[in-house]
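**Student:** So the number in this note's numbering is just where the residue sits in the sequence shown, counting from 1, plus 739.
Backbone N, C-alpha and C fix where the C-beta goes; we use that ideal spot for every residue, glycine too.
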Amino acid sequence: MKQVPLQHFLNTQDWTRAELDAVLALAAQYKAQPLGPRALEGKSIALVFFNSSLRTRTSFEIGAFQLGGHAVVLQPGKDAWPIEFDLGTVMDGEAEEHIAEVARVLSRYVDLIGVRAFPKFVDWSTDREDRVLKGFAKYSSVPVINMETITHPCQELAHILALQEHFGTRDLRGKKYVLTWTYHPKPLNTAVANSALTIATRMGMDVTLLCPTPEYVLDERYMGWAEQNVAESGGSLQVSHDIESAYRGADVVYAKSWGALPYFGNWAPEKPIRDAHKHFIVDEAKMALTNDGVFSHCLPLRRNVKATDAVMDSPRCIAIDEAENRLHVQKAVMASLIGQRR
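#1: Where does the unbroken beta strand (DSSP E) through F875 begin, and where does it stop?
#2: Note down, in chain order, each residue of its chain lying with its Cβ closer than 6 angstroms to the Cβ of N1064, except the 5 sequence neighbours on either side.
#3: When the Cβ atoms of the segment 946-956 are set against those of the segment 920-936, are three or more pairs found closer than 8 angstroms?
#4: Can you list, in chain order, the residues of its chain with a C-beta nearer than 7 angstroms to that of R1081? Leave out the 5 residues immediately preceding and following it.
#5: Considering only DSSP beta bridges, list what P815 is partnered with.
#6: Are there three or more Cβ pairs, one per stretch, closer than 8 angstroms when the segment 787-802 is compared with the segment 751-762?
#7: Within its chain, find whatever has a CB closer than 6 angstroms to the CB of H747; leave out the 5 residues flanking it on each side and keep chain order.
#8: K782 and G816: beta carbons closer than 9 angstroms?
#9: Could you check if S798 is buried or exposed, using at least 16 other CB atoms within 10 Å of its CB as the buried criterion?
#10: As a quick exercise: from D910, Y993 and H1018, pick the residue whose alpha carbon is nearest that of G973.
#11: To the nearest angstrom, how far is the alpha carbon of Q805 from that of D753?
#12: Could you tell me the alpha carbon to alpha carbon distance between P1008 and K925, rounded to whole angstroms?
#13: Give me, in chain order, the residues of the same chain whose beta-carbon lies closer than 7 angstroms to that of E1023; leave out the 5 immediate sequence neighbours on both sides.
#14: Mind the definition here: the segment 1034-1041 touches the segment 984-997 only if three or more C-beta pairs lie below 8 angstroms; say whether that holds.
#15: Just to confirm my understanding: we take L774, look at its own chain, exclude 5 residues before and 5 after, and list those with CB closer than 8 angstroms. What are they?
#16: Go to K995, then tell me how far its beta strand (DSSP E) extends in each direction, as first and last residue.
#17: Bridge partners for V1044 per DSSP, in chain order?
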């Protein structure tokens, strides 16, 4: 019998549009009937957290429970051994075991593995290789789910489901979508921005990446994915540094802060640029330029730094809906991946 390749959920770009649409449809079903088909009955998932979490851990644990499964939470370096990811390393440092053993052992115990591992913020050429996530996928014999590394595919699907609900249609083509950088006192991961750009162009929307200067344009990999998506799905893509023209007529405003990649690991020279653009905050005046547009953010959000109280408390803010949808889309992802293992 022909061996079917193991499917992971590492990036939405790895899945076909039909597969993504099916996951979103299943997520909507789970939202309507939270205790619906118990696809994980008698199954288990290991949730491996190298970084802290509120929404991700809660939604995955509860999602596994509602699907009839069991979640085991592991924190390497805290309640699990530190892990080495490079081959050929003489392991005489902190790491006690290698990913080659960790992933294969966990695969003997569980049916799914979720991984959350942020960049080290030292060298982008290293971090962009996503070695932790890829290490698990390489050695695991069960499906691996990206719970946020340098992309955040679960957030992508939760975001799109919230937009589909708000606009009352699965077809988001023709919507003007603004992905705007916002100020934060610290340089942050580009994961959500990478993912928002990927999924918005995948859905055929007219996407504007709004950022203070060219240094804040995202990595060429994700800009390339976006251009590929526009060619395949329709819509458009432009980069803008002009707040007013970007916001004008927008149907969706999605905010996120991220650090400028040319300064990755050397943030001191970037700080004056970041500090000079606090006016990128999402406020009532900017939202008034939109086409009665909706606002969202992945959370957590620093109020009156990234967005004002008025924007967050507006009925046009769907950030809480998006956060709730993490539960539903992750259940759909887990159910879809388990389905291939039957």
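**Tutor:** Here's the rundown:
#1: Premise fails: F875 lies in the alpha helix (DSSP H), R870 to Y878, not in any beta strand (DSSP E).
#2: Cβ within range, chain order: A897, L900 and A901.
#3: yes
#4: Here the model assigns R1081 a pLDDT of 46, short of 50, so the residue's position is not dependable and the matter cannot be decided.
#5: A819
#6: no
#7: Answer for H747: A876, P882 and V883, listed in chain order.
#8: 9 angstroms or more divides the Cβ of K782 from the Cβ of G816.
#9: Residue burial is scored here from C-beta neighbours: S798 has at least 16 other C-beta atoms within 10 angstroms and is therefore classed as buried.
#10: D910
#11: 27 angstroms
#12: 13 angstroms
#13: T1047, A1049 and V1050
#14: The segment 984-997 and the segment 1034-1041 touch, with three or more beta-carbon pairs separated by less than 8 angstroms.
#15: Q805
#16: V991 to K995
#17: BP columns for V1044 are empty, so no partner.
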